[in-house]
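Here is the structure we will look at, set down as structure tokens.
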Amino acid sequence: MDVYLSASIDLSKVNILIALFFCLCWLVIGKPLRLYYQSSVRFSAANGFFALSLVLGAQQFTFPVTNLWVIADLTLLITLVMYNLALRHLLVLPLDPRWIRVLMIGAAGVAALHLLGQISANLTSVTLLLLALFILISTTWMKFRALASAFNYSNAAILSIPDISLVLIIGMKSAMWLLYQREVITAIPLSSKSSPILMWIYIVLIILINVTAVGTAVSRLIIRMKHLADHDQLTGLLNRRAFEAKLADYFGLYQRYNMPFSIIMLDIDHFKLINDKYGHAAGDNAIVNTASVFRQTVRQTDVIARFGGEEFIILLPGQTASEANEVANKICKALRTSEWQINTPALTISAGCADVTMVNSQDRLLTLADNALYEAKRNGRDQSIIATPAHPIPTATAN
């Protein structure tokens with residue numbers, strides 16, 4: 001154990017090499033692999049600046065009169081800012097460069113005043129220390145909230161452990177200055193050589209921070225891939241496969257706990273005519289506008305999907321077929337009065353409604369709603385029909 005804590009191992013150089021290693025790793029992720037380019041470049045820059053701050057901090061002991069620790073601490077602040085910006089890009093959070101600019105200008109001003117002999121090394125160092133603590137706390141809180149929103153609180157807490165640990169270390173340094181400034185502190189360069197134990201802690205933290213960042217990036221990539229697999233690219237609604245999986249879940253809940261639900265099958269009227277007369281771009285606009293009307297009309301708890309082409313389906317938990325029919329009529333009215341494209345006729349839609357109490361299988365439920373939809377088509381379109389178990393399968397379909 002003493003070997004690892006002895007001076008024969010230059011732990012500062014180990015930390016520098018680890019930071020440079022992750023600097024290159026993030027460049028590979030961002031450049032050749034083209035994964036999260038903006039955040040990867042900033043993670044790489046953060047590791048590069050961290051390595052530079054350690055180099056400058058170590059040189060302070062070789063050239064103690066040069067005040068290199070001031071530049072080292074400023075470089076460390078840049079590291080923390082880059083880390084904050086990298087997380088903002090990775091977690092798709094709004095950028096906030098104003099407070100960052102103000103903070104860095106203030107830090108540079110404090111450092112300049114010290115170099116000009118206007119303020120003491122003690123005050124300069126503790127000011128930079130408190131600024132670092134502020135950045136770390138805001139970054140950790142931002143990261144935790146974003147991860148909790150994307151995953152859950154337990155995963156967010158686990159992925160934030162390295163950041164929280166770093167906050168505690170810097171917080172303890174700040175507390176030491178507040179409690180013992182006259183007896184202990186003359187200067188607190190953030191990146192100076194510390195005790196071997198503390199340097200090992202820094203080594204572990206720099207590895208964990210980068211590993212959790214990579215884990216977050218991979219997790220978000222998996223979530224993104226799952227989203228693309230489950231959602232229609234044009235409208236952002238669920239696709240047919242994902243909807244049928246949801247339908248199976250709700251059907252299982254109905255069978256176990258008698259939790260009712262209904263569905264509405266909808267189809268844009270004369271969609272082929274829109275494509276033929278106005279072009280496929282107009283057809284896409286019609287589909288996007290229809291999806292927007294659905295979102296504005298139904299509840300947040302309702303499940304909307306693009307079932308294929310110009311056909312859509314909505315699942316309404318806790319609703320009867322009669323209640324679903326009321327919703328469908330609202331959709332018909334809202335779509336009819338919506339403005340989807342200049343110099344084009346109003347969009348209309350036909351709908352068929354059915355609820356789970358009418359059937360004994362989800363396939364039969366879809367068939368009933370589909371039959372009711374085509375009855376609405378035959379009856380003149382722009383209307384909703386409630387299905388009955390006795391509905392015959394239509395012999396012909398109308399667009």
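Reminder that position 279 of the sequence shown reads as 279 in my numbering, one-by-one numbering, no gaps. Beta carbons are placed, not taken as given, at the ideal position from N, Cα and C, and that holds for glycine. Here the structure is a predicted model, which is why all the values come from computation and not from measurement.
Count Cβ pairs between the stretch 328 to 340 and the stretch 218 to 238 that sit closer than 8 Å; are there 3 or more? They do not touch, by the three-pair rule.
Three-state secondary structure (DSSP) at Asp2? Because the pLDDT at Asp2 is just 46, under 50, the model does not fix this residue reliably, and the point stays unresolved.
Taking the straight line between their C-alpha atoms, what separation do you get for Gly117 and Leu77? For Gly117 and Leu77, the distance between alpha carbons rounds to 22 Å.
Quick check on the burial criterion: 16 or more other C-beta atoms within 10 angstroms. Buried or exposed for Ile393? Note that Ile393 has pLDDT 46, beneath the 50 cutoff, so the model's placement of it is unreliable and no number is given.
Within the present structure, is the beta-carbon of Gly106 separated from the nearest heavy atom of the ligand GDP by less than 7 Å? As presented, the structure is devoid of all ligands, the ligand GDP included, so that no description of it is given.
Secondary structure at Pro260, three-state DSSP: helix, strand or coil? Note: Pro260 maps to coil in three-state DSSP.
Would you call the CB atoms of Thr235 and Ile274 closer than 8 Å? The answer is no: Cβ separation not under 8 Å.
At the level of alpha carbons, what is the spacing between Asp434 and Asn285? Since the displayed the chain opens at 1 and closes at 399, residue 434 lies outside it and no answer follows.
Have a look at Leu90, Leu373 and Leu130 and flag the residue whose alpha-carbon is nearest the alpha-carbon of Val41. Ranked by Cα distance from Val41, the options Leu90, Leu373 and Leu130 are led by Leu90.
Is DSSP giving Ile119 helix, strand or coil here? Under the three-state reduction of DSSP output, Ile119 falls in the coil class, being neither helix nor strand.
Local Cβ density within 10 Å of Ala281, reported as buried at 16 or more and exposed below that: Ala281 comes out exposed.
Just tell me which of Leu198, Leu27 and Leu221 has its CA closest to the CA of Val92. Considering only alpha carbons, the answer is Leu221.
Selected residue, minimal CA-CA separation from Val298, among Ser262, Lys272, Lys277 and His270: Ranking Ser262, Lys272, Lys277 and His270 by Cα distance to Val298 puts Ser262 first.
Local Cβ density within 10 Å of Arg295, reported as buried at 16 or more and exposed below that: Exposed.
Asp355 - containing alpha helix (DSSP H), residue span: Note, Asp355: premise wrong, no alpha helix (DSSP H); beta strand (DSSP E) at Ile349 to Asp355.
Taking only the alpha-carbon atoms, compute the straight-line gap between Pro94 and Leu80 and give it to the nearest angstrom. Taking the straight line from one Cα to the other gives about 17 Å.
With burial defined as no fewer than 16 other Cβ atoms inside 10 Å of the residue's Cβ, what is the status of Glu375: buried or exposed? The residue in question, Glu375, is buried, as its Cβ has 16 or more Cβ neighbours within 10 Å.
Please report the Cβ distance between Asn67 and Leu129, rounded to the nearest whole angstrom; I am assuming they are in contact, meaning their Cβ atoms lie under 8 Å. About 16 Å; that fails the 8 Å criterion.
Under the three-state DSSP convention, the category Arg295 falls into: Arg295 falls in the helix class under three-state DSSP.
Suppose contacts are defined by Cβ-Cβ distances below 8 Å. Is Leu238 in contact with Ala305 by that definition? A contact, by the Cβ cut-off of 8 Å.
Buried/exposed call for Ile209, threshold 16 Cβ in 10 Å: Its Cβ being crowded by 16 or more others within 10 Å, Ile209 is buried.
Supposed close pair Leu365, Ala351 - CB separation, criterion 8 Å: Approximately 15 Å separates the beta-carbon atoms of Leu365 and Ala351; this is outside 8 Å, ruling out the contact.
Pop quiz: Ile164 and Thr140 are said to be a contact at Cβ under 8 Å. What is the actual Cβ separation, rounded to whole angstroms? Contact holds; Cβ gap of about 6 Å.
Can Leu147 and Asn155 be called in contact, C-beta distance under 8 Å? Cβ distance < 8 Å, so Leu147 and Asn155 count as in contact.
Determine the direct distance from the alpha carbon of Gly309 to that of Pro345, and round the result to whole angstroms. Rounded to whole angstroms, Pro345 to Gly309 spans 20 Å at the Cα level.
Start and end of the alpha helix (DSSP H) containing Val14? Here the alpha helix (DSSP H) through Val14 covers Leu11 to Gly30.
Cα-Cα separation, Arg381 to Tyr254: Answer to the nearest angstrom: the Cα atoms are 32 Å apart.
By how many angstroms is the C-alpha of Lys143 removed from the C-alpha of Asn122? Linking Asn122 to Lys143 through their CA atoms gives a straight-line distance of about 31 Å.
By Cβ distance below 7 Å, which residues in the same chain neighbour Leu335 in space, the five residues on each side in sequence not counted? Here the set comprises Thr290, Val293, Leu347, Thr348 and Ile349.
From what residue to what residue does the beta strand (DSSP E) around Pro317 run? Per DSSP, the unbroken beta strand (DSSP E) holding Pro317 starts and ends at Glu311 to Pro317.
Looking at the strands, I want to know which residues DSSP matches up with Arg306. BP columns for Arg306 point to Phe312.
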